[in-house]
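Peer 1: Numbering (the working numbering), first residue to last: 42 to 234.
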Ligand SMILES: C[S@@+](CC[C@H](N)C(=O)[O-])C[C@H]1O[C@@H](n2cnc3c(N)ncnc32)[C@H](O)[C@@H]1O
């Protein structure tokens, strides 16, 4: 695959349970688990996006801890995964960072549990990315809270089809995965062997 792949976990602009636009809190699990999935599936950088400076202080401390020599020595796998994490204030900073590395803007690919119009199937997108001519950077976006605020949608170029369980579940359809589980499944479908 020639296209460099990036992941962003958005904490703003998200919706809360009543649909208001909010910044959600970063969770330690999301930092660790998604960084390990990113490392496993060859993602170049995992951006954690939050405008809340207090969250930068807390997450910054966690990242500093895991970038120490002691962490490298005692937990090399975790160290290696967390080295891919980059904390940024907004989505513009993510795009600017990718542009500075590759000289072009990424294709922004949304993941979403709800059915949306014009989604792309995993197999089709995977085939597209496997084409040797396909070199444009890819930025796969995951959400938090109750999903993305509508103001984010103009940033989006493609939407991946929702992940579903087996057909005809006698208990009915349920596909509200944790973002950590969704990230692992999506990355595996696109890049796993
Ligand atoms: C809305 S957030 C909820 C975060 C929540 N606090 C948690 O992790 O349990 C979940 C995110 O995971 C992804 N996701 C969850 N279920 C999904 C599905 N069935 N298909 C695709 N993406 C999904 C989407 O990126 C979505 O924005």
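A virtual CB, placed ideally from N, CA and C, is assigned to each residue, including glycine. In this text, all values refer to a predicted model and were calculated from it rather than measured experimentally.
Residue 130 and residue 89 - do their beta-carbons sit closer together than 7 Å?
Peer 2: Result no, Cβ atoms of residue 89 and residue 130 do not sit closer than 7 Å.
Peer 1: Taking the alpha carbon of residue 233 as the reference point, which residue from 167, 192, 197, 220 has its own alpha carbon closest?
Peer 2: Looking at the Cα atoms, 167 is the closest of the given residues.
Peer 1: Going straight from the alpha carbon of residue 108 to that of residue 76, what length do you get?
Peer 2: The alpha-carbon atoms of residue 108 and residue 76 are separated by roughly 13 Å.
Peer 1: Can you list, in chain order, the residues of its chain whose CB lies under 6 Å from that of residue 230, leaving out five sequence neighbours each side?
Peer 2: Around residue 230: 163.
Peer 1: For residue 56, name the three-state secondary structure that DSSP assigns.
Peer 2: Strand, per DSSP.
Peer 1: Residues with a Cβ closer than 5 Å to any heavy atom of ligand 1, in chain order?
Peer 2: The filter returns 152, 154, 183, 184, 185, 188, 203, 204, 216, 218, 219, 220, 223, in chain order.
Peer 1: Any contact of the region 194–207 with the region 144–156, i.e. 3+ C-beta pairs under 8 Å?
Peer 2: Touching, yes, given that three or more Cβ pairs across the two stretches are closer than 8 Å.
Peer 1: What is the residue span of the alpha helix (DSSP H) that residue 228 lies within?
Peer 2: Residues 220–232.
Peer 1: Measuring only the C-alpha atoms, how far is residue 74 from residue 211?
Peer 2: Cα to Cα, the separation comes out at about 31 Å.
Peer 1: Please name the residue or residues paired with residue 160 in a DSSP beta bridge.
Peer 2: Note: residue 160 sits in a beta bridge opposite 200.
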